[in-house]
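Residue numbers for the sequence shown follow our numbering, so the first one is 4 and each next one is one higher.
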Amino acid sequence: MKRWLKCGVIAVLTVGLISALPLEGQARTKKPNPSDSILNIAHRGASGYAPEHTIPAYALGQKMKGDYIEIDLQMTKDGHLIAMHDETVDRTTNGTGWVKDMTLAEIKKLDAGSWFNEKYPALANPAYVGLKVPTLEEVIHRFGRNARYYIETKAPEVYPGMEEELLRVLKQTGLINGRGRTNKVIIQSFSQESLLKVHQLNPRIPLVQLLWYETAGTAQITDEEIKNIKRYAVGVGPNYDKIDQAYVSKGRQAGLEIHPYTVNEPSEMKKLIRWGVTGMFTNYPDRLHRVLCEVQKD
């Protein structure tokens, strides 16, 4: 498979280097969703090395050759979209409470980095102490229109107007052009209703339907499911440990992109590449970069 990147050596990043990451995102020239390459999606940033959904994690994800910055969205009481996985601030900050019940000013008072130092002392970095929860606009302004963003609407049923606000921000920041098109953004969600709403508001944005399989055996995707998903989405994002080669082949033959999550072990990455996936989410984009370079050499 082709891989449109230079497979140079990624140096081992010391604590000092991580704290001195460049201030501007680097320009990319890749297609947004190519079928002949495999997307390296930095899951919550390089969240295996830095506090998830913080600017250092996103910057590190780019430095480690991630193709996309993956951003989970929650919405504050006063209508701001913030980068956070959970509906509460409890796990990844020093605060407590539901995001929907807090204003942006209240969220900004929280420490979003110290928890990582406490949980992962071997990766602790003084620069993480006191990190702030970024808004979607702050992330885009920080990394610019040359970066690529893989954005998830989390719990959209809790946040009326989330989709409209997301599209407003994307348009305001220039990631959607005057004709409603973008080659910088993919929107994903577990909520079909949310994706259908985005599709209704702007049918030109590529969407990916996230899927969670709890089956004891291997997951199956039916022809009817594929037909339904293709009405509004370009691909699916299943949990990788429940799919097999037949699942991937069926989806690919139907023209769907297949972006499994969250793949952290090189052996699993190599297996999924053999099966024909077109991208994957990982907490360790440097590992996936190395694997992709090995595959390219083969």
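Using N, Cα and C, we set each Cβ at its ideal position, and we do this for glycine too. Everything numeric in this text was worked out from a predicted model, so none of it was measured.
Three-way DSSP call (helix, strand, coil) for residue i in this model
i, result
"Ile-179", "coil"
"Pro-54", "coil"
"Gln-29", "Unreliable placement is indicated for Gln-29, whose pLDDT of 35 sits below 50; the coordinate value is still reported in the next sentence. Reduced to three states, the DSSP call for Gln-29 is coil."
"Asp-289", "helix"
"Ser-40", "coil"
"Met-165", "helix"
"Trp-215", "coil"
"Asn-231", "helix"
"Met-105", "coil"
"Gly-98", "coil"
"Ala-158", "coil"
"Tyr-123", "coil"
"Met-67", "coil"
"Ile-261", "strand"
"Leu-275", "helix"
"Leu-295", "helix"
"Glu-282", "First, the residue type needs correcting, since residue 282 is Gly and not Glu in the sequence shown. Three-state result, Gly-282: strand."
"Leu-173", "helix"
"Ala-115", "coil"
"Ala-45", "strand"
"Leu-318", "A query on residue 318 cannot be resolved here, the shown segment of the chain reaching from 4 to 301 and no further."
"Cys-10", "coil"
Beta-carbon proximity list for residue i, same chain, < 6 Å, skipping 5 on both sides
i, result
"Tyr-131", "Pro-54, Gly-116, Phe-119, Asn-120"
"Tyr-287", "Gly-51, Asn-267"
"Ile-179", "Leu-173, Thr-185"
"Pro-59", "Ala-53"
"Tyr-153", "Ile-44, Tyr-71, Glu-73, Ile-189"
"Thr-221", "Asp-247"
"Leu-139", "Leu-84, Val-172"
"Ser-194", "Pro-159"
"Leu-42", "Asp-70, Gly-282"
Residue of the options minimising C-alpha distance to residue i
i, options, result
"Gln-256", "Pro-263, Tyr-264, Asp-226", "Asp-226"
"Ile-85", "Gly-64, Gly-48, His-46, Glu-141", "Glu-141"
"Thr-285", "Lys-300, Ala-150, His-262, Trp-278", "His-262"
"Val-136", "His-88, His-46, Lys-200", "His-88"
"Ser-209", "Leu-199, Ala-127, Ala-150", "Note that residue 209 is Pro in the sequence shown, not Ser. Residue Leu-199 is the option with its Cα nearest to Pro-209."
"Val-161", "Pro-129, Asp-104, Ile-41", "Asp-104"
"Leu-126", "Ala-49, Gly-181, Lys-274, Thr-99", "Ala-49"
"Ala-236", "Lys-80, Asn-205, Pro-163, Thr-106", "Asn-205"
"Gly-64", "Leu-291, Gln-77, Ala-108, Lys-233", "Leu-291"
"Ser-123", "Thr-281, Lys-274, Thr-95", "Looking at the sequence shown, residue 123 is not Ser but Tyr. Selected option, being the one with the closest Cα: Thr-95."
"Arg-207", "Ser-194, Gly-181, Ser-192, Ala-219", "Gly-181"
Residues near residue i by beta carbon distance below 8 Å, same chain, minus five either side
i, result
"Asn-97", "Leu-113, Asp-114, Ser-117, Trp-118"
"Arg-148", "Thr-176, Gly-177, Leu-178, Lys-187"
"Ile-229", "Lys-253, Gly-254, Ala-257, Leu-259"
Span of the beta strand (DSSP E), counted from its first residue to its last, around residue i
i, result
"Ala-86", "84-86"
"Asp-75", "71-78"
Residue interval of the alpha helix (DSSP H) (run including residue i)
i, result
"Ser-194", "Neither: Ser-194 is in no alpha helix (DSSP H) and is coded neither H nor E."
"Val-239", "It is not in any alpha helix (DSSP H) - Val-239 instead sits in the beta strand (DSSP E) that spans 238-241."
"Ile-224", "Element bounds for Ile-224: n/a, residue is neither H nor E."
"Ile-143", "139-146"
"Ala-249", "248-256"
Cβ neighbours of residue i in the same chain (closer than 7 Å, five flanking residues each side left out)
i, result
"Ser-197", "Thr-156, Pro-159, Glu-166"
"Leu-16", "The predicted model places Leu-16 with a pLDDT of 44, which falls under 50 and marks its position as unreliable; any figure quoted below should be read in that light. Result list for Leu-16: empty, nothing under 7 Å."
"Glu-271", "Tyr-243"
"Thr-79", "Ile-85, Val-102, Met-105, Thr-106, Leu-107, Ile-110"
Residue i CB to nearest heavy atom of the ligand MG below 7 Å
i, result
"His-202", "Judged by which ligands are present, the structure shown has none, so any question about the ligand MG falls away."
(request) For the region 202-217 and the region 237-255, state whether three or more C-beta atom pairs, one from each stretch, are separated by less than 8 Å. (result) The region 202-217, when compared against the region 237-255, does touch it at the 8 Å Cβ threshold.
(request) Could you tell me whether the region 57-69 touches the region 182-198, using the rule of 3 or more Cβ pairs below 8 Å? (result) No, the region 57-69 is not in contact with the region 182-198.
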